[in-house]
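Scroll down for the structure; my scribbles are underneath it.
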Amino acid sequence: MKKNLLSILFISAITVSIVSCKDKAKEADTTEAEEVVAVTPEAKFNVDLAASSIDWKGFKPAGSHNGTIKIESGVLNTIDGKISGGTFLIDMASIEVKDIPAEDEGNGKLVGHLTSPDFFDIEKHPNAAFEVTGLEEVEGKMMLSGNLALKDAKNNITFPVTVTQANDSITLVSETFTIDRTKWNVQYGSKSIFDNLGDKFINDDIELKIMLKAAKS
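Residue numbers for the sequence shown, in full-length UniProt numbering: 1 to 217.
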């Protein structure tokens, strides 16, 4: 009877582990920032700020929080109808929390903490920036690479996207992916940086999903 019970518990643990792995977004490949080679584009597409968005999600043992960040400006460049480059400014002061009602005191406290020196320090670093360094097909998926400058660090990240072009417009939608915030010196509550946090830590991974719409200029 004990053997059967242990077997059931063991199988259940494996099942939970497999499901958790499937549900977890993959971390973007992260390397040192790359030099961007200036190439004259054949066409430029200006990002439609109202129709574009970045969704974020952060995790801790007690649960998670999610919200959005606005793109301040952006352009995609193309050669032979394919994305060849692009730059984007992200307004870090626009961080919104969606899982707590806006009128709730907790919403303002969380936004204030995220924009403080503990996290993104928007007084010193009001913008983040992303500069495209490549787009190529790998094993049937389009992989977008670019230098992400966030807070006081810059790294190159690569993540899967879907790109659609029609009627002088481009839509680019990423799969949900994660970045390790500590690689951009966002260290608050990280158990990989600080000892003795117990269950008061905050996961290093930040989950992101990007949706861009751009029209030919």
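Don't be surprised by glycine CBs; every beta carbon is placed ideally from N, CA and C.
Computed from a prediction, not measured in an experiment: that's the story for all the values here.
With fewer than 16 neighbouring CB atoms inside 10 Å of its own CB, Asn185 falls in the exposed class. Contact between the region 110–120 and the region 75–83 is absent: fewer than three C-beta pairs spanning the two stretches fall below 8 angstroms. Secondary structure of Leu49 (DSSP, three-state): helix. Contact check for Ile157 and Thr30: beta-carbon distance about 5 angstroms, within the 8 angstroms limit, so the pair qualifies. Per the coordinates, the alpha-carbon of Val163 lies some 18 angstroms from the alpha-carbon of Asp55. Residue pairing by DSSP places Ser73 opposite Leu89 in a beta bridge. The beta carbon of Lys141 is closer than 6 angstroms to those of Pro160 in its chain, skipping five residues each way along the sequence.
Setting aside the 5 residues that flank it on each side, Thr182 is surrounded in the same chain by Ser190, Ser192, Ile193 and Asp204, each with a C-beta closer than 8 angstroms to its C-beta; the list follows chain order. Proximity to Gln187 across Ile90, Ala215, Leu150 and Ala25 peaks at Leu150, based on C-alpha coordinates. Counted as a single uninterrupted DSSP element, the stretch harbouring Leu197 is not any alpha helix (DSSP H), since DSSP gives it neither H nor E.
In the displayed model, Thr182 falls within a helix according to three-state DSSP. Between the region 165–180 and the region 125–133 there are fewer than three inter-stretch CB-CB distances shorter than 8 angstroms, so the stretches are not counted as touching. Secondary structure of Glu32 (DSSP, three-state): strand. Per the DSSP secondary-structure output, Leu148 pairs in a beta bridge with Phe130 and Asn155. Boundaries of the alpha helix (DSSP H) around Lys109: Glu105 to Leu114. It is roughly 42 angstroms from the alpha-carbon of Gly74 to the alpha-carbon of Asn196. Inter-residue distance for Phe201 and Thr40 is about 46 angstroms (C-alpha atoms, whole angstroms). The C-alpha of Leu49 lies about 11 angstroms from the C-alpha of Phe88.
When the alpha-carbon of Ala62 is set against those of Phe120, Glu27 and Gly198, the nearest one is in Gly198.
Among the bridge pairs identified by DSSP, Phe120 is matched with none.
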